[in-house]
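Scroll down for the structure; my scribbles are underneath it.
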Amino acid sequence: MNPQEQWVAFTTIVVKEVRRFTRIWLQTLLPPAITIVLYFVIFGTLIGPRIGKMSGFSYIEFVVPGLIMMSVITNSYSNVVSSFFGTKFQRSVEELLVSPVPNYIILLGYVVGGVARGLMIGLIVTLLSLFFTDLQVSHVPVTVGIVFLTAVLFALAGFINAVFANSFDDISIIPTFVLTPLTYLGGVFYSIDMLPEFWQGVSLVNPILYMVNTFRYGLLGVTDINVAWAFAMVTGFCVLLFVFSLYLLDHGKKLRS
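Here the numbering used here = 1-based position in the sequence shown + 787.
The structure is reproduced here in structure tokens:
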């Protein structure tokens, strides 16, 4: 395929993915918005004033970056894992694999679709947060860079989960038993400075901690970790998962009957 044909194939997959989650917005866009509003009401309005300040900010200001990032992570992941597994379950993935479309175009199309949903939910959550607190951006490049890389990373992770899943139950195992615990223990609701030294060390093994704290640094200018190291780690994971996902597509692992 020439570059123009590849571009047509790529945009076709992306448009299909975007239309997929916008067409059923009552299931994909509205529930995360309602959930986050409940977080804002409970933690920001009811519990926040009793907790007081954290890292020099009111509690609602402190948790907003974490809640935005949590929304981006879960929605980037869930969009790709559900969409690609549906394609695999219906056997239409075999038609994609035998088509002249390069595998990297297929992968990029699904990943960009997941990133689009993650960033759209992130934007919705950000706008909703303005009803509860004044949101300022201290470092725009850091904020934009980390949220984009995080969305890419978890879109790729969702793709890998979809490839290895054998049933619809399998696509919920990783989000339930891995993604959710790591997210809640990733510094969304607290600073690791509050933890004993041992548990601070344990927390540093959690990659989501670096993403949340880097995003918080972009918005508030405070962080518990090294921002440069966080960018290097997230970028490295993105490259690693992209190569592995492409390998799975090239070899048809768990895709061809």
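The C-beta atom is built at its ideal place from N, Cα and C for all residues, glycine as well.
*Hey, K1041 and V950: beta-carbon distance below 8 angstroms or not?*
With contacts defined by Cβ atoms closer than 8 angstroms, K1041 and V950 form a contacting pair.
*Which stretch, first to last residue, makes up the alpha helix (DSSP H) that contains Q791?*
Its alpha helix (DSSP H) spans residues 790–810.
*Taking 8 angstroms as the cut-off, decide whether the C-beta atoms of G901 and A952 are in contact.*
Cβ atoms of G901 and A952: not closer than 8 angstroms.
*asked:* Which residues does DSSP list as the beta-bridge partners of F844?
replied: F844 is bridged to M841.
*M998 and T937 look like a contact to me (Cβ under 8 angstroms); what is the Cβ gap, rounded to whole Å?*
About 5 angstroms separates the two Cβ atoms, so the contact holds.
_For Y826, count the other beta carbons within 10 Å of its own beta carbon; 16 or more makes it buried, fewer makes it exposed. Which is it?_
The residue in question, Y826, is buried, as its Cβ has 16 or more Cβ neighbours within 10 Å.
*Nonlocal neighbours in the same chain, by C-beta distance under 7 angstroms from V851, ignoring five residues either side*: Excluding the 5 residues flanking it on each side, V851 has same chain C-beta neighbours closer than 7 angstroms at S916, T920, L922, in chain order.
*Indicate whether the contact test is met: 3 or more Cβ pairs, each with one atom in the stretch 813–828 and one in the stretch 874–890, closer than 8 angstroms.*
Under the Cβ criterion (8 angstroms, minimum of three pairs), the stretch 813–828 does not count as touching the stretch 874–890.
*Enumerated in chain order, which unbroken segments of the alpha helix (DSSP H) with a length of 4 residues or greater are wholly contained in the stretch 904–977?*
Fully enclosed alpha helix (DSSP H) runs of 4 or longer: 927–951, 957–961, 967–971.
*Can you give me the start and stop residues for the alpha helix (DSSP H) that M998 sits inside?*
For M998, the enclosing alpha helix (DSSP H) covers residues 994–1007.
*Under the assumption that V934 contacts V859 (Cβ atoms under 8 angstroms), give the Cβ distance between them as a whole number of angstroms.*
Confirmed, about 6 angstroms.
*Ends of the alpha helix (DSSP H) at Q877?*
No alpha helix (DSSP H) contains Q877, which DSSP labels as neither H nor E.
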